[in-house]
Structure formats: structure tokens, C-alpha cells
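Engineer: Please read through the structure below; I'll follow up with questions.
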Amino acid sequence: MRYFDGCPFLEVSRWHDLWRSNVPNLSSLKRQAGVSGFVAIDAESWGNSRTDIAEIGVAFIPMVDIDALQDPPKSLDSLQARYPIQASSIRFCGREQGRRMKREGFIFGPTHTVEPDAVHETLRRLFQSFRSALGTNASLTLIGFDLAFEFRVISSTYLGITECFSSWVDIQEIIKDVSSCRDRSPSMREALIAFGFANDSQAILPNRMGHSAGTDALRTIALLVKLLALSPDTAVEIERRPARKWVGTARVSRRLMKTKNQFSGRPKPRESYPFRARVRLNGESSLTMRQLSDSFSKYNPSAIGIHGAKHEGYICLSGLDELHQFIEHTNGSNTANGEVWEAKSEFDPQLTSARTASELLEYLEAESAAVIEHKKGRRKQKKEEIDSQEGCLDFSDSLNLVELGDLLELGES
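In my numbering, each residue carries its 1-based index in the sequence shown increased by 1241.
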């Protein structure tokens, strides 16, 4: 996640001091290492919410003597054995991550199971203990690998912990800047392999295994140490994994795309994605979902769609201001091969009165509540009709019994 003067998708007004204290490049990062400890965080999402999480991973390394960083370790075990790194995992009570995917266990430190309401205070105390261990003049720098999700969670739920940090850096962006290929941001797996962790089975997981947030935080520290030991004139060779092709049945492909908020055509339902931009290349080149995702992931789109003919894509943002900023930044910008992006807003003001992410959430919740109440009313009405019909039937049966009794009495007489 790259720093912007006006963040295109986060409301940072209440923590703008930290937001503006971004460490922008490798040389600044190395200077920071002499005066600050580093705290890596990673969050694993829970459910369909954009801010609820099931696990937070935290890893801490104190100030680093860069001159002593010769031949850093190439495994997580040896890294933790050589440097005074603390790692921990905080799991939320009642928030299981599901069993459809096998997940790695966390073995590099303690695991704390905490009630959701107590997580904020747990994090604050943990960060304060790190700061106390550094002394009075040192500070803490927040780091992560693609911090977009973590910042969204912090901004909405754990705002108080921003006071524990003096600056922040996204390791993914630093690695992208020092790599030989800058057309897209590398994945954590690609970065770890490029820095020599390919033979460490604890650092490189099978593709279909779910990650532990605690171990991902430690992986981020491992990449930090490698960056601090990197010579200024060295370009990191990152081997790009081929773009994933949708294989198998169409139903499976659609399910996989849906989990990533990716759509064939305009994202639906359109009421959930009103802040939509249409993008295309001026050379009428064909687009791919991977190209759209890589090109615009820094704006943290809420959904991405692609036209069936592949000539245009659809980028949905979290609010109207974010949409306007996206159009301003994207329209007329150049791609790596010299083509020019054309971006146009498709926002329909008659579709919703919402203009921000919070207003949209309130609008959707109100609409959902109205639908639920309507369905409850329909069910209640239907039940009353059935009860009324049954009452009529019972009354008819009673009349029939009375008539039958009268006939029997007449026969006896």
C-alpha cells in the first residue's frame, strides 16, 4: 500500500500525524533502523465484513545495527535465534476461520485467545511494553506487507493504537521499488523466495494452505532484515508467478471470483457498489482481471468487474470522494508499455443517497432491515390467513357434527 497525500480510501483525519509519517524508501528505512524499533502486524479477516478479523499477528524487533547485518539468516527459525525478535498471535474468541482450508499452526511465540472487546487494550499494552523495552528516546515504527486491510481495521476499530507509533512503512512497496521489475507489487511468497527463503518450509507454504497471522508478521520482519542488509545499488530479482487461470467448472470459477469481489461484467448488486468507474485503454487493448487488480489495488477497490469482451473494466470504490480521486489520478495516466488509461465515473445519484462508505453501510443495513420486516409481515399475514382458514374449517366441522347429532336424535325418536 503506497502513501498518498490525500488517502484515496481511508478516513485518516483522526490519525493524520501517523499517516503522514510514512517511510518512503530504502534509504529512509535504514536511517529509521538506528532510532526506532519495528512492530509488524498482520490481520486475518473473518466473515464477509471488510473490518472484522479473526486473528492478529504481531512481531517486534528492536533497533537494528545495520553494520552488523552480514549474511542474514534464510529461515525463520534461525532468524528468531539470531535476533531478539518477539512474535505472538492474538485470536478472537468465537471467531473460527472455518475448516475448508488447512491452516498452518503458529509455533514462534505465544497464542492469546481474547474476547473481541478486549483486543484493543491487549494490543495497546503489548505495544507499550515494546516501547518501554527500547528506552525513553526510541520510537516504534509500524510495518506490514500490504497494509491496506490492516489500516482499514485500525481506522474503524482500533484507532487508539495509532498513538503507539511514530511512523509506518509498507515493506511490499519498498521491495517493489528495489526490484528489477516494477510493473506490479510482488506477493509475500515471491518476495521471500527472492530473498533466499525458498528452502524454508516454514516460510514458504503450499499454495492451498491458510496462513497464520502471527507467522506472517514474522515473515514481514524477515523481509525487513533482508532489506536493511541490502546494498543501495542492488536490484532484487523477483520471479513472477504466472497469472492464475480459472480452471474446472464454471460454477467453481464463479465462486472463486466472488470470494475476491471480482465479477464478470459490472459488479452486482449495483446498490452495493454505486461508486463505480469504467476504465479502458486508449489503444483498445484487451484487459485481464489480473491486470485490473494489479493496476488499481493501491486504491483498495471494493469490487472489480471486467466486460465479457475484455475491452473495459469496472472499478468500485468505497465512497464518492474516493471515486472522484480515482478518476483524477487514473484518467490520462500511462501504463508501463506507454498506453493511456481512460477512466469515467458511472455513479448514479438516483440509485442511492449515500456518498461515503459509512453512509452506504447505513443505507444497505436500512434496506436490509426493511426487506426483513417486509418478509416478516408477509409471513405473519400468511400465518393469520392459514389460521383463519383453519378456524373456518373447524367451525364447519362443528356445524356438521351438530347436524349429524340432530339427525341421529330424530332417528331414535
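Every residue gets a Cβ at the ideal spot worked out from N, C-alpha and C, and that includes glycine.
Assign residue 1554 to one of three DSSP states: helix, strand, or coil.
Structural biologist: Strand, per DSSP.
Engineer: For a minimum of 4 consecutive residues, which ranges assigned as the alpha helix (DSSP H) are wholly contained in the segment 1293-1324?
Structural biologist: Whole alpha helix (DSSP H) segments, 4+ residues: 1317-1323.
Engineer: How far does the beta strand (DSSP E) with residue 1585 in it reach, from first residue to last?
Structural biologist: Here the beta strand (DSSP E) through residue 1585 covers 1582-1586.
Engineer: Below 8 Å between beta carbons: does that hold for residue 1321 and residue 1349?
Structural biologist: Yes, these two residues count as a Cβ contact at 8 Å.
Engineer: Can you confirm whether the segment 1551-1568 touches the segment 1593-1604 when touching is taken to mean that 3 or more C-beta pairs between the two stretches lie within less than 8 Å?
Structural biologist: Taking 8 Å as the limit for Cβ pairs, the verdict is that the segment 1551-1568 does touch the segment 1593-1604.
Engineer: At the level of alpha carbons, what is the spacing between residue 1404 and residue 1352?
Structural biologist: Taking the straight line joining both Cα atoms gives about 24 Å.
Engineer: In this structure, how does DSSP classify residue 1360 when only helix, strand and coil are distinguished?
Structural biologist: Three-state result, residue 1360: helix.
Engineer: Spatial neighbours of residue 1274 within its chain, please: C-beta separation below 7 Å, excluding the five flanking residues on both sides.
Structural biologist: Counting only Cβ-Cβ distances below 7 Å, and skipping sequence neighbours, we find 1304, 1305, 1307, 1469.
Engineer: Starting from residue 1431, follow the alpha helix (DSSP H) in both directions and report where the run begins and ends.
Structural biologist: 1429-1435 is the span of the alpha helix (DSSP H), which, as asked, contains residue 1431.
Engineer: Would you grab the beta carbon distance between residue 1461 and residue 1347 for me? Rounded to a whole angstrom, and I think it's under 8 Å.
Structural biologist: Actually they do not touch by this definition, with Cβ atoms about 14 Å apart.
Engineer: Compute the distance between the beta-carbons of residue 1299 and residue 1326, then report whether it is under 8 Å.
Structural biologist: Contact flag unset, no.
Engineer: Quick check on residue 1353: does DSSP put it in helix, strand or coil?
Structural biologist: Reduced to three states, the DSSP call for residue 1353 is strand.
Engineer: I'd like the ranges of any alpha helix (DSSP H) spanning at least 4 consecutive residues and lying wholly in the segment 1252-1286.
Structural biologist: Entirely contained in the segment 1252-1286, the alpha helix (DSSP H) runs reaching 4 residues are, in chain order, 1257-1260, 1267-1274.
Engineer: Within a Cβ cutoff of 7 Å, which residues of the same chain sit near residue 1587, ignoring the five residues on either side of it in sequence?
Structural biologist: Excluding residues within five positions, the ones whose Cβ falls inside 7 Å are 1517, 1518, 1519.
Engineer: Here's a check: name, in chain order, each residue in its chain whose Cβ is nearer than 6 Å to the Cβ of residue 1414, leaving out the five neighbours to either side.
Structural biologist: Correct list, in chain order: 1243.
Engineer: My output table needs one value for residue 1382: the three-state DSSP class, helix, strand or coil.
Structural biologist: In the structure shown, residue 1382 sits in a strand (DSSP, three-state: E or B).
Engineer: According to the Cβ coordinates, are residue 1464 and residue 1412 closer than 8 Å?
Structural biologist: Contact flag set, yes.
Engineer: How far does the beta strand (DSSP E) with residue 1504 in it extend, from its first residue to its last?
Structural biologist: Element bounds for residue 1504: 1503-1505.
Engineer: Which of the three DSSP states is assigned to residue 1526 in this structure?
Structural biologist: Coil.
Engineer: Among residues of its own chain, excluding the 5 on either side of residue 1419, which ones have a beta-carbon nearer than 8 Å to its beta-carbon?
Structural biologist: Closer than 8 Å at Cβ, skipping near neighbours: 1267, 1468, 1471, 1475, 1476, 1477.
Engineer: With H, G and I counted as helix, E and B as strand and the rest as coil, what does DSSP make of residue 1566?
Structural biologist: Helix at residue 1566.
Engineer: Please look up how many angstroms separate the CB atoms of residue 1450 and residue 1345, rounded, as I've assumed it's under 8 Å.
Structural biologist: Residue 1450 to residue 1345, Cβ: 6 Å. Contact.
Engineer: Looking at the structure shown, is residue 1460 part of a helix, part of a strand, or coil, going by DSSP?
Structural biologist: Residue 1460 falls in the helix class under three-state DSSP.
Engineer: Using three-state DSSP, classify residue 1445 as helix, strand or coil.
Structural biologist: Residue 1445: coil per DSSP, three-state reduction.
Engineer: Does DSSP put residue 1243 in a helix, a strand or coil?
Structural biologist: Residue state, collapsed to three classes: coil.
Engineer: Please state if the CB of residue 1256 and the CB of residue 1400 are separated by a distance shorter than 8 Å.
Structural biologist: Taking 8 Å as the Cβ cut-off, residue 1400 and residue 1256 qualify as a contacting pair.
Engineer: Let me know if residue 1447 comes out buried or exposed under the rule of 16 or more other beta-carbons within 10 Å of its beta-carbon.
Structural biologist: Counting Cβ neighbours within 10 Å, residue 1447 comes out exposed, since fewer than 16 surround it.
Engineer: Can you check DSSP and say which residues form a bridge with residue 1517?
Structural biologist: Paired residue(s): 1557.
Engineer: Go ahead and pull the three-state DSSP assignment for residue 1326.
Structural biologist: Here residue 1326 sits in coil by DSSP.
Engineer: Can you tell me the Cα-Cα spacing of residue 1521 and residue 1360, whole angstroms?
Structural biologist: Rounded to the nearest angstrom, the two C-alpha atoms are 43 Å apart.
Engineer: Just to confirm, are residue 1333 and residue 1302 a CB contact at a threshold of 8 Å?
Structural biologist: In this structure, residue 1302 does not lie closer than 8 Å to residue 1333 by Cβ.
Engineer: Tell me which residues share the same chain as residue 1621 and place their Cβ nearer than 6 Å to its Cβ, disregarding the 5 neighbours each side in the sequence.
Structural biologist: Taken in chain order, the list of residues that qualify is empty.
Engineer: Given a cut-off of 8 Å on the beta-carbon distance, is the pair residue 1551 and residue 1527 in contact?
Structural biologist: Result yes, Cβ atoms of residue 1551 and residue 1527 sit closer than 8 Å.
Engineer: Could you check what DSSP says for residue 1411 in three-state terms: helix, strand or coil?
Structural biologist: Correct three-state label for residue 1411: strand.
Engineer: Check residue 1416 in the structure and name its three-state DSSP category.
Structural biologist: Reduced to three states, the DSSP call for residue 1416 is helix.
Engineer: Report the three-state DSSP secondary structure of residue 1681 (helix, strand or coil).
Structural biologist: Absent from the structure is residue 1681, since the part of the chain shown begins at 1242 and ends at 1654.
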